[in-house]
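2 protein chains.
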Amino acid sequence: MAIIAQSRRMRRTPFSDGVEAAGVKGYTVYNHMLLPTVFDSVVADYHHLKSAVQVWDVACERQVELRGPDAARLMQMLTPRDLRGMLPGQCYYVPIVDETGGMLNDPVALKLSEDRWWISIADSDLLLWVKGLAYGYRLDVLVDEPDISPLAVQGPQADELMARVFGDAVRNIRFFRFGWFDFQGVSMAVARSGYSKQGGFEIYVDGTANGMPLWHALFEAGKDLDVRAGCPNLIERIEGGLLSYGNDMTRENTPHEAGLGRFCSTQTAIGCVGRDALLRVAKDGPTQQIRAISIAGDIPPCDRTWPLLANGKKVGQITSAAKSPDYGTNVAIGMVKMTHWDDATVLDVETPDGLRSATVNEKFWI
Amino acid sequence: MAIIAQSRRMRRTPFSDGVEAAGVKGYTVYNHMLLPTVFDSVVADYHHLKSAVQVWDVACERQVELRGPDAARLMQMLTPRDLRGMLPGQCYYVPIVDETGGMLNDPVALKLSEDRWWISIADSDLLLWVKGLAYGYRLDVLVDEPDISPLAVQGPQADELMARVFGDAVRNIRFFRFGWFDFQGVSMAVARSGYSKQGGFEIYVDGTANGMPLWHALFEAGKDLDVRAGCPNLIERIEGGLLSYGNDMTRENTPHEAGLGRFCSTQTAIGCVGRDALLRVAKDGPTQQIRAISIAGDIPPCDRTWPLLANGKKVGQITSAAKSPDYGTNVAIGMVKMTHWDDATVLDVETPDGLRSATVNEKFWI
Chain A
1 MAIIAQSRRM
11 RRTPFSDGVE
21 AAGVKGYTVY
31 NHMLLPTVFD
41 SVVADYHHLK
51 SAVQVWDVAC
61 ERQVELRGPD
71 AARLMQMLTP
81 RDLRGMLPGQ
91 CYYVPIVDET
101 GGMLNDPVAL
111 KLSEDRWWIS
121 IADSDLLLWV
131 KGLAYGYRLD
141 VLVDEPDISP
151 LAVQGPQADE
161 LMARVFGDAV
171 RNIRFFRFGW
181 FDFQGVSMAV
191 ARSGYSKQGG
201 FEIYVDGTAN
211 GMPLWHALFE
221 AGKDLDVRAG
231 CPNLIERIEG
241 GLLSYGNDMT
251 RENTPHEAGL
261 GRFCSTQTAI
271 GCVGRDALLR
281 VAKDGPTQQI
291 RAISIAGDIP
301 PCDRTWPLLA
311 NGKKVGQITS
321 AAKSPDYGTN
331 VAIGMVKMTH
341 WDDATVLDVE
351 TPDGLRSATV
361 NEKFWI
Chain B
1 MAIIAQSRRM
11 RRTPFSDGVE
21 AAGVKGYTVY
31 NHMLLPTVFD
41 SVVADYHHLK
51 SAVQVWDVAC
61 ERQVELRGPD
71 AARLMQMLTP
81 RDLRGMLPGQ
91 CYYVPIVDET
101 GGMLNDPVAL
111 KLSEDRWWIS
121 IADSDLLLWV
131 KGLAYGYRLD
141 VLVDEPDISP
151 LAVQGPQADE
161 LMARVFGDAV
171 RNIRFFRFGW
181 FDFQGVSMAV
191 ARSGYSKQGG
201 FEIYVDGTAN
211 GMPLWHALFE
221 AGKDLDVRAG
231 CPNLIERIEG
241 GLLSYGNDMT
251 RENTPHEAGL
261 GRFCSTQTAI
271 GCVGRDALLR
281 VAKDGPTQQI
291 RAISIAGDIP
301 PCDRTWPLLA
311 NGKKVGQITS
321 AAKSPDYGTN
331 VAIGMVKMTH
341 WDDATVLDVE
351 TPDGLRSATV
361 NEKFWI
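Sequence order for the protein chains is A and B.
All residue numbers for the first sequence refer to my numbering, where the first residue is 1 and numbers rise by one.
All residue numbers for the second sequence refer to my numbering, where the first residue is 1 and numbers rise by one.
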């Protein structure tokens, strides 16, 4: 197993000192920034996430800020999701596509006010796309990456821990809503959201200097809750069907292929880039789509696509996979052609260690 | 030292199988792709690079291809370098800036023909910027990432090795020129270029399937030349003053700050984005600039910026540093304010291990 070579280019986060003190064992790189992948072991982290509470350094969810009179117009250009009903204080999951309907990112947008938005991005330099559009259309908007670093608190004890640090009012935040909460005199957006199905919050930490004080405050307040440093967990996120841009879908795929057609109101999202292509896709339907897939037997780590075969012919590919302790199978995410995407279809998957049996599932595990 | 977590998102390259068989020990991530950083040790790799020949997997230098009637117009929009005199078969190092003159990338552009260009990019999703501009300006051009993966052959024996595989005509390729050469029936662009000062070539390998056959052919042909798998070497590239986007300069910096003012013909590069800002910068001159810096004593790996101090006041920062066996000092790259950028200025540098003495140098080491 190769080590990760660190450099300024792999940006540290406001919480890196805490992550290292907690004994991080693995990293990935996400938006040119370090993202922890394992602390104890992926399996031990998984059990703990489901039973207690974890603090996650997800500063790599960088923000693209839109500010100015044309901010709302630009935001609607970026996504086929209809934003007309969105209110300040709401978070929307917004597929972002290019002119052909190919996905460029799948971020969460936060509407701070009519003329100020944050886009909390997945792993691509969406800033450059947004700046290019704003420049090309001569929009009256500032586009930049502010000094905002999300810190997630996830797990069944998340409400209790957050209430101890931010007050009981955090318990009232509804799913995919955010409010403004004070930490040591700094007002920060706190949303009920996060990249797990265990419940919890994301704190949009304002100012690098406030990162470690908040980190310490959370660990201090949560000692009796067995709070630990954690990170997005490969097994848990596959069980829950949480997609990973760059893994499960890329610029090659439309939102409809990624199973995100329900977020595309292409008829009414007037002005969005890629509208023509997506109207066609919505009419015809996708010819392949993401599915939950179980795989039998032992499998290696999934570091590349694995072909899905029916009678030796390729009908799709696996893009993420891991052994699930709770479900007694290998849980996986794959893209499958419509000819073979029905529930309970049995296929072969070609792993680097040989062929395994795979079964298409209608639903994810939770 | 943390391991790197592999996933499809950290894309493997056409040469990854060869890199692994050669015993790669460290990786970084560059354009969402694996880039080796060490094979034997950074010091052993360094000595070998300077004395023999290495084959480098630099597939992470992804290509942005511009194709169509507006390709040349778009290319000139992207850079303040005047491209009017550029001929097919030439490579140009082209700073790319946003509307404020902030650097977005520092790639090498290859002109294939008037209506077809490749931009061999440093570590940012330049594709999104280029696509955004092309869309906003409604240009008649296709912008995409083709299946082209650079493989570098670097070191004093590079000419000999390349001649054995591609024929003696490769010896005649001039610096920053490229020609078309056949490998097993596939025509590939071969340029005299690369991210070292030891001389050599970059082969723009056309087609993933052709990667390992070429890799094997080079190693087979170079046995008696002690050819080894290598990678951009941290020490050697600092000695040679080869900048690294994301390390030594970012979107915060202008080309002039990065010492790249000589590549900006802003007066004549009509139509380039950022022209107004850069005309101002060219008139006033930058207030800080990149310098070669020697640092005394022992230093840790440079994984973040280190402040440069004069009488306790910050006057710049170190962005890359490594101990040089050949020059008997720590070689470094830093950004220094004009008040302290003169040759032989002595400063303090604040490393995580404590203060060290630093000296500003007029020139890099080779």
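Ideal Cβ positions, reconstructed from N, Cα and C, are used throughout, including at glycine.
task: Count the other CB atoms, across all protein chains shown, that sit within 10 Å of the CB of isoleucine 148 (chain A); report buried if there are 16 or more and exposed otherwise.
output: buried
query: How many angstroms separate the CA atom of tryptophan 117 (chain A) from the CA atom of glycine 354 (chain A)?
result: 48 Å
- prompt: Name the chain B residues that come within less than 7 Å of glutamate 1 (chain A), Cβ to Cβ?
  reply: According to the sequence displayed, residue 1 (chain A) carries methionine and not glutamate. Those within 7 Å of methionine 1 (chain A) in chain B are Ile3.
- request: Put isoleucine 203 (chain A) into one of helix, strand or coil per three-state DSSP.
  value: strand
- prompt: Residues of chain B with CB under 8 Å from methionine 10 (chain A), in chain order?
  reply: Thr28, Val29, Asp303
field: Pairwise C-alpha distance: isoleucine 366 (chain B) and glutamine 317 (chain A)
entry: 49 Å
- request: Have a look at aspartate 140 (chain A) and histidine 32 (chain B) and give me their C-alpha separation to the nearest angstrom.
  value: 32 Å
message: Using C-beta distances below 7 Å, list every residue in its chain close to threonine 319 (chain B), excluding the 5 sequence neighbours before and after it, in chain order.
response: Asn247, Asp248, Thr305, Ile333, Gly334, Met335
- request: Within its chain, find whatever has a CB closer than 6 Å to the CB of glycine 199 (chain A); leave out the 5 residues flanking it on each side and keep chain order.
  value: These residues qualify, in order along the chain: Ala158.
message: Looking at proline 88 (chain A): is its Cβ nearer than 8 Å to the Cβ of valine 205 (chain A)?
response: no
- request: Report the residue from A:Glu202, A:Asn210, A:Gly194 whose alpha carbon sits nearest the alpha carbon of valine 186 (chain A).
  value: A:Asn210
- prompt: At least one CB of chain E closer than 8 Å to the CB of leucine 242 (chain A): is that the case?
  reply: No chain E appears in the structure shown, which is made up of the protein chains A and B.
message: I'd like to know whether the C-beta atoms of alanine 258 (chain A) and isoleucine 235 (chain A) end up nearer to each other than 8 Å.
response: no
- prompt: Do alanine 122 (chain B) and aspartate 106 (chain B) have their C-beta atoms closer together than 8 Å?
  reply: yes
query: Hey, is the stretch 167–185 of chain B in contact with the stretch 65–81 of chain B, meaning 3+ C-beta pairs nearer than 8 Å?
result: Verdict: no, contact absent.
- prompt: How big is the Cα-Cα spacing for glycine 285 (chain A) and phenylalanine 166 (chain A)?
  reply: 46 Å
- prompt: With 16 as the cutoff for other CB atoms within 10 Å, does methionine 1 (chain B) come out buried or exposed?
  reply: Methionine 1 (chain B) comes out exposed.
- prompt: chain B beta carbons: is any one of them nearer than 8 Å to that of asparagine 361 (chain A)?
  reply: Chain B, which has no Cβ nearer than 8 Å to the Cβ of asparagine 361 (chain A), makes this no.
query: What residues in its chain sit with their C-beta under 7 Å from that of glycine 23 (chain A), if we drop five residues either side in the sequence?
result: Phe39
field: From A:Ile203, A:Ile293, A:His48, A:Glu220, residue whose alpha carbon lies closest to that of isoleucine 238 (chain A)
entry: A:Ile293
query: Which runs of the beta strand (DSSP E) spanning at least 3 residues fall entirely within the stretch 292–348 of chain A, listed in chain order?
result: Within the stretch 292–348 of chain A, the complete beta strand (DSSP E) runs of at least 3 residues are 306–310, 313–324, 329–337.
Straight-line Cα distance separating serine 16 (chain B) from leucine 110 (chain B): Near 25 Å, if we compare the C-alpha coordinates of serine 16 (chain B) and leucine 110 (chain B).
field: Alpha-carbon spacing of isoleucine 295 (chain B) relative to histidine 340 (chain B), whole angstroms
entry: 15 Å
query: Going along chain A, which residues have a C-beta under 7 Å from glutamine 6 (chain B)?
result: Within 7 Å Cβ-Cβ: Pro301, Asp303.
query: For phenylalanine 201 (chain A) versus arginine 81 (chain A), is the C-beta spacing smaller than 8 Å?
result: no
query: Does DSSP classify tyrosine 135 (chain B) as helix, strand or coil?
result: helix
- prompt: Taking DSSP as the reference, what is the three-state secondary structure of serine 124 (chain A)?
  reply: Annotated three-state conformation of serine 124 (chain A) is coil, per DSSP.
task: Figure out for me which residue from B:Leu49, B:Val331, B:Ser324, B:Ala191 has the closest Cα to the Cα of alanine 358 (chain B).
output: B:Val331
task: Could you list the residues in the stretch 92–123 of chain A with a C-beta less than 8 Å from some C-beta on chain B, going in chain order?
output: Asp98, Glu99, Leu104, Asp123
task: Output, in sequence order along the chain, the residues in the stretch 131–156 of chain A whose CB is closer than 7 Å to any CB in chain B.
output: Residues Lys131, Gly132, Leu133, Tyr135, Gly136, Tyr137.
field: Residues from the stretch 197–231 of chain A in contact with chain B, defined by Cβ distance under 9 Å
entry: none
- request: Give the straight-line distance between the Cα atoms of alanine 310 (chain B) and arginine 251 (chain B), rounded to the nearest whole angstrom.
  value: Separation of alanine 310 (chain B) and arginine 251 (chain B) (C-alpha to C-alpha, rounded to the nearest whole angstrom) is 26 Å.
field: Buried versus exposed call for histidine 216 (chain A) [16 or more other C-beta atoms within 10 Å across all chains shown]
entry: exposed
message: Cutting at 6 Å between CB atoms, please list the residues of its own chain near aspartate 226 (chain A), excluding the five before and the five after it.
response: Ala52
Opening and closing residue of the alpha helix (DSSP H) in which valine 141 (chain B) lies: Taken as a continuous stretch (DSSP letters only), valine 141 (chain B) belongs to no alpha helix (DSSP H), as it is neither H nor E.
message: Beta carbons nearer than 7 Å to chain B: which residues of the stretch 64–86 of chain A have them?
response: Correct list: empty, as no residue qualifies.
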